[in-house]
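Asks: Mind having a look at this structure? Questions to follow.
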Amino acid sequence: MGWRKDMDQPIAFALLPLTPSPETPMSTKAVFHQTLATLTEQIAGRPLDAALADWLNQAHGPESDLYQCLMEACVVGVREGWLCEREGGGIRYGRVFKPEDALHRFSVDVVDMQDLAGPHHSHPGGEIDLIMPLTQGATFDGHPAGWCVYPPGSAHHPTVAQGRALVLYLLPEGQIHFTR
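Here is the structure:
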């Protein structure tokens, strides 16, 4: 369950099985989009800061249904080829959804990294990262499984250490600037 930002009452996520079957006609990608739309509704308009990271980890941390649903969708998406369809510098990556109203103007990207630092970039509007280790103990910028949030104007070399991880990132209006 998640928590509405404007209420103290939980809202349930409509989690559908991610394995296609006659009973679940929606594709994994459609379920992924629907789940992200529900999540981004909860975070739209909130400051991208440490308080948001704390809230995300409390409400949607690694033991939550939402985290498990998103991780399963990402693993399936990589396997099926609709996530991380590009590769460069040892990193598989791709933008799965451009900013749109249904996603509250966030873009959605996923990277697959193992023991390396990616290209330096900045986040004009900030960045929200969901860290999904594929190797037990893998970290992203020193963070274990869960969420981290970078404020507007921040910059970094995204780094996965101690194994392999998928990282889903939400960017307000899709804004990211790579250093050349």
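Using the working numbering, you'd call the opening residue of the sequence shown number 25 and step up by one each time.
C-beta: ideal position from N, C-alpha, C; glycine also.
Since G150 contacts P182 with CB under 8 Å, what's their CB separation in whole angstroms?
Replies: Not really, about 14 Å apart at Cβ, beyond 8 Å.
Asks: For D78, which residues does DSSP report across the bridge?
Replies: Paired residues: none, contrary to the question.
Asks: CA-CA distance, D139 and W79?
Replies: 28 Å
Asks: Answer with buried or exposed for F202, where buried requires no fewer than 16 other C-beta atoms within 10 angstroms of its C-beta.
Replies: exposed
Asks: Considering only the beta carbon of each residue, do L76 and I67 sit closer than 8 Å?
Replies: yes
Asks: Rounded to a whole number of angstroms, what is the C-alpha to C-alpha distance between A74 and V100?
Replies: 30 Å
Asks: Taking a contact to mean a Cβ-Cβ separation below 8 Å, would you say H167 touches I155 in this structure?
Replies: Yes, they are a contact pair.
Asks: For the beta strand (DSSP E) containing G101, list its first residue and its last residue.
Replies: It is not in any beta strand (DSSP E) - G101 instead sits in the alpha helix (DSSP H) that spans 89-104.
Asks: Closest to V135 by C-alpha separation, out of E111, H147, E124, would be which residue?
Replies: For the set E111, H147, E124, the Cα lying nearest the Cα of V135 is the one of E111.
Asks: Closest to H227 by C-alpha separation, out of V120, G177, F164, would be which residue?
Replies: It is not possible to answer for residue 227, since the shown part of the chain is limited to 25 through 204.
Asks: Just grab the DSSP bridge partners of P157 for me.
Replies: A189
Asks: Is E65 helix, strand or coil by DSSP?
Replies: In the structure shown, E65 sits in a helix (DSSP, three-state: H, G or I).
Asks: Does the separation of the CB atoms of E158 and R116 fall below 8 Å?
Replies: Here the sequence assigns Leu to residue 158, which means Glu is not the residue at that position. Not in contact: L158 and R116 (Cβ atoms no closer than 8 Å).
Asks: Which class does H181 belong to by DSSP, given the choice of helix, strand or coil?
Replies: coil
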